[in-house]
Amino acid sequence: MQTEIFGQGAPGESPILAWLGDDFTGAAAVMEALAFAGLPSVLFLSPPDAERLAAFPGVRGIGIASLARTYSPAWMDQHLPPLFDTLAATGAGLVQYKVCSTLDSAPHIGSIGRAMEIGAARFGGAVPVLVAAPQMRRYQAFGQLFAGTDAGVFRLDRHPVMARHPVTPMGEADVARHLAAQTGMALTCLDLERLADAKLAAAALVPGQGVTIDQMSAADQVAAGRLLWEHRETNRFVVGSQGTAYALVAYFRAQGLLPPESPVPGIGRARGMAVVSGSVSPVAADQIAWACANGFEGITLDATAACGDGLLAAEGATIAAGLDALDRGQVPLIYTAAGPDDPAVARLRAAAGDRLTAVNERIGRALGRILGALIERGGLDRAVVSGGDTSGHVCQVLGIDALTALAPTIPGAAICRAHARGSMDGLALALKGGQMGSIDYFGWVLDGGGAR
14 MQTEIFGQGA PGESPILAWL GDDFTGAAAV MEALAFAGLP SVLFLSPPDA
64 ERLAAFPGVR GIGIASLART YSPAWMDQHL PPLFDTLAAT GAGLVQYKVC
114 STLDSAPHIG SIGRAMEIGA ARFGGAVPVL VAAPQMRRYQ AFGQLFAGTD
164 AGVFRLDRHP VMARHPVTPM GEADVARHLA AQTGMALTCL DLERLADAKL
214 AAAALVPGQG VTIDQMSAAD QVAAGRLLWE HRETNRFVVG SQGTAYALVA
264 YFRAQGLLPP ESPVPGIGRA RGMAVVSGSV SPVAADQIAW ACANGFEGIT
314 LDATAACGDG LLAAEGATIA AGLDALDRGQ VPLIYTAAGP DDPAVARLRA
364 AAGDRLTAVN ERIGRALGRI LGALIERGGL DRAVVSGGDT SGHVCQVLGI
414 DALTALAPTI PGAAICRAHA RGSMDGLALA LKGGQMGSID YFGWVLDGGG
464 AR
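Sequential numbering of the sequence shown, starting at 14, is according to our numbering.
So, in structure tokens, the structure goes:
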């Protein structure tokens, strides 16, 4: 093991990990896991050219965010190969296709299985699949994936949120079985018993096959990190959540190559902040309710306006309401629905019909324009976007092309510094998936984040 690969690297030195995120918030989660462990990293929101890469010398992790989770296998066939080529060209030790820790995917949309096939064809070797992340209460035991909530830990197919996901409801908790519906690749499970034995674990890496990796404890993460890193030359491509980065960090720390974990401080209370939410998750609904009861001003954007010609008028009214809230010293919180049972959800689906995907994109871009107007006209220095797909659309509208980590909140939803060639450069920005975060998440970001 070469100690010079750790910490701030020399310009031109290859990174440890390069990754492609299948959604924006998930891609940022890998960056924060590395950065807060002492491995400076950057996430690009579009493929960077050589000039843009040169603006971030010495980083140990390089990521590219995408919206692959919202697209078909045919879209992946066209777009993933050149993106994987870009990541491979960084010289990173490992290249990751980053997926959600609750496996959001289906054969027809966001197919992880198809991404595995494309990656296997590009890089060869076995394809380790590491989805679990104990830090986030995501566990895999003997192939079954579990996810924690405030109500407890649930098997994925019985999870109160994921079993009801509006696009990719989870009906199968066995990771290999779930992925088998999306790919013809052979899939096995490296279970807890064999993971603890380095020789048995290595034997699970069969070229041309996928292998899901159990994770329940810190010791499991060290073992998984060792497996990935020590066999990277012949098995460079990995599929997984931010649990992949956590496993690598755990292994490096066990080897004494990174300092022990220590609390990361916050950045202080915002001068001014706004929130936009396009999520219909029950978790996001609880966060909206908490915020509205604690000094935030809830403002509804009529999402059905995106189905016709009334969107610009709806945007204007929402911006006016947001500026009024700022004038009164409140934080505007603009949302399209307060959870899956909000009647606004049924109204939108009825109005959109078979155009729902296109309409959702229009809504996301509208939220981006609203947020941009509030930031510029309200002089705000901080913003929050709730919803993985919404985050992608908002960042595109705002011209933000890269993120670096500033302060932690819950794992996977840090406060970041936005990098842009325009007025949004330097904005403190938090992006979170709809189903993620503590009930007081928006207040936590307002106060500056930091370990607690």
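All residues carry an ideal CB built from backbone N, CA and C; glycine is no exception.
query, result
"Enumerate, from N- to C-terminal direction, the unbroken alpha helix (DSSP H) stretches of 4 or more residues contained entirely within the stretch 389-455.", "401-411"
"Give me the Cα-Cα distance between I383 and A283, rounded to the nearest whole angstrom.", "19 Å"
"Report back the beta-carbon spacing between G335 and I347 to the nearest angstrom; my notes put them in contact at under 8 Å.", "6 Å"
"Could you tell me which residues DSSP pairs with E77 in its beta bridges?", "The residue you asked about is not Glu; residue 77 is Ile in the sequence shown. DSSP lists L33, F57 as partners of I77."
"Would you mind listing the beta strand (DSSP E) stretches within the stretch 306-387 that are 3+ residues and don't spill past its ends, in chain order?", "309-313, 344-348"
"Measure the beta-carbon distance from V142 to T225 and round it to whole angstroms, keeping in mind my assumption that it falls under 8 Å.", "4 Å"
"On the DSSP letters alone, give me the boundaries of the beta strand (DSSP E) that L116 sits inside.", "Per DSSP, L116 belongs to no beta strand (DSSP E) and is neither H nor E."
"Return the chain-ordered list of same chain residues with a C-beta closer than 6 Å to the C-beta of L395, the five sequence neighbours on each side being excluded.", "The amino acid occupying residue 395 in the given sequence is Arg; Leu does not appear at that position. Result list for R395: A283, M286, A441, in chain order."
"Alpha carbons only, please: which of E310, S292, R362 is nearest the one belonging to D337?", "E310"
"With DSSP as the reference, label L169 as helix, strand or coil.", "helix"
"Quick check: the stretch 316-327 against the stretch 362-381, are there 3 or more CB pairs under 8 Å?", "yes"
"Hey, is the stretch 182-193 in contact with the stretch 113-128, meaning 3+ C-beta pairs nearer than 8 Å?", "yes"
"Just the Cα atoms here: how many angstroms apart are G447 and G238?", "28 Å"
"Measure the alpha-carbon distance for C305 versus Y264 and round it to whole angstroms.", "42 Å"
"In the DSSP assignment, what are the bridge partners of I226?", "L203"
"Ignore the nearest five residues each way along the sequence and tell me which others in D453's own chain have a CB closer than 7 Å to its CB.", "W303"
"Closest to K445 by C-alpha separation, out of C408, D35, G39, E26, would be which residue?", "G39"
"With 7 Å set as the bound, which would you pick, yes or no: does the beta-carbon of E64 sit closer than that to a beta-carbon of chain C?", "Absent from the structure: chain C. Only one protein chain is present."
"Drop a sphere of 10 angstroms on the beta-carbon of V458, count the other beta-carbons inside from all chains shown, and report buried for 16 or more, exposed for fewer.", "buried"
"Hey, out of L56, G106, I122, A102, whose CA is closest to A87's CA?", "I122"
"Can you give me the C-alpha to C-alpha distance between G138 and P276, rounded to a whole angstrom?", "37 Å"
"Using CA atoms only, rank isn't needed, just tell me which of G256, N307, V262 is closest to D460.", "N307"
"Just tell me which of A267, G156, L241 has its CA closest to the CA of D227.", "G156"
"In whole angstroms, what separates the C-alpha of L314 from that of A63?", "40 Å"
"Return the first residue and the last residue of the alpha helix (DSSP H) that Y152 is part of.", "Premise fails: Y152 lies in the beta strand (DSSP E), 151-154, not in any alpha helix (DSSP H)."
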